[in-house]
Amino acid sequence: MQKLLIKALKNIGDQSRIIEYRRVPGGDINESYYVRSQKHTYFIKCKKHPPQKFFQLEALGLEKIRKTNSIAIPQIYGIGERDGYGYLMMEWIHGKKTGQTGEWLGRGLAETHKHKGPGFGFQEDNYIGLLPQKNSYISSWIDYYREFRLEPQITLAVQKELLPTSTQKKLDKLLTHLDQWLPKDCIPSLLHGDLWGGNWLPGYNGKPYLIDPAIFYGHHEFEIAFTELFGGFPSNFYESYQEVFPLSPNYEERKALYQLFYLLVHLNLFGISYLSSIENIVTRYVG
């Protein structure tokens, strides 16, 4: 691994000696390292035999968010490969939350969501975790959410034999009735796409940074629903978000429908423990 780290630094012109490197705990997908050279400090993510364009697409998502000038993103230094390992090299972010961190995060995310795309979707297929996500641009949010988000995860769960037949039938029914709850006239907002509590972090003076996106253009409430699913966001995050980009009065009615997607993703990634939550949501909407 040290040879890979040395190569990564050399590829961006840092020929200085590595003073320290250590494995950073956390994360189920990649190996991550803190690397300090005589010149600079880096965060390097590595994966053996990564899926096609895996780190390139992550970098693309980060840069897309950066260009909004709405919220901080770690600086990207390089992407490369050595001995079957792919890697992504970024700025090392380290700090502590302050009382304003949540407020800055909420306001920055809301400003990001105000950036409108040419349609719902994205120009590139990408990944959520290790799961591929198909993308295209279409004009209907309801159709996009059904065909590009829910249906692929349901199909995968069926292939993995994770969904009982009775639950499959209820999901099929739900897919045909999404227009009862989802909006027909929302704008396609730029979304992080995988914003749980572990995909943002505080930097210097508590400034929040977004990491690990799975971006696309979608209904902004979809993103907020996921932040509520597993927690990790302070109350002033939601207060400041609402000041900039208010949620619809119907948000609470459809929130669980948006959380359903992420529960299906977790079912496919981590197994059967997420099934009961999926079944509770489906039963709530279609009996």
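Number 54 in the numbering used here belongs to position 54 of the sequence shown; there are no gaps in the numbering. Yeah, the Cβ is synthetic: ideal placement off N, Cα and C, and Gly gets one too.
Selected residue, minimal CA-CA separation from glycine 232, among Val158, Ile278, Ser37 and Thr101:
Thr101
Please look up how many angstroms separate the CB atoms of aspartate 212 and glutamate 58, rounded, as I've assumed it's under 8 Å.
7 Å
Distance, phenylalanine 54 Cα to lysine 48 Cα
11 Å
To the nearest angstrom, how far is it from the Cα of glycine 80 to the Cα of tyrosine 87?
5 Å
Is the beta carbon of asparagine 199 sitting closer than 8 Å to the one on leucine 191?
no
Residue from Tyr204, Leu171 and Trp141 whose Cα sits closest to the Cα of aspartate 185
Trp141
Taking contact to mean 3 or more Cβ pairs, one atom from each stretch, closer than 8 Å, check whether the region 160-177 and the region 229-243 are in contact.
no
Name, in chain order, the residues that DSSP records as bridge partners for lysine 367.
The requested residue 367 does not occur in the structure, where the chain is confined to residues 1 to 287.
Which residues mark the beginning and the end of the alpha helix (DSSP H) in which glutamine 38 is found?
Neither: glutamine 38 is in no alpha helix (DSSP H) and is coded neither H nor E.
C-alpha gap between leucine 150 and lysine 64, whole angstroms
24 Å
Under the DSSP definition of a beta bridge, which residues are partnered with glutamine 133?
Asn126
Cut-off 7 Å between Cβ atoms - residues of its own chain near tryptophan 288, not counting five sequence neighbours on either side
Residue numbering for the chain in the displayed model covers 1 to 287; residue 288 lies beyond these limits and cannot be assessed.
Would you mind stating whether glycine 121 and phenylalanine 226 have Cβ atoms separated by less than 8 Å?
no
Pair within 8 Å by beta-carbon distance, tyrosine 127 and alanine 8:
no
Am I right that lysine 134 and aspartate 143 are in contact with their C-beta atoms under 8 Å? What's the rounded C-beta distance?
Not quite, the Cβ-Cβ distance comes to about 13 Å (not below 8 Å), so this is no contact.
With DSSP run on the structure shown, which of helix, strand or coil describes alanine 110?
helix
Residue from Thr283, Ile272, Ile278 and His266 with nearest C-alpha to aspartate 28:
His266
DSSP three-state assignment for glycine 86, whether helix, strand or coil:
strand
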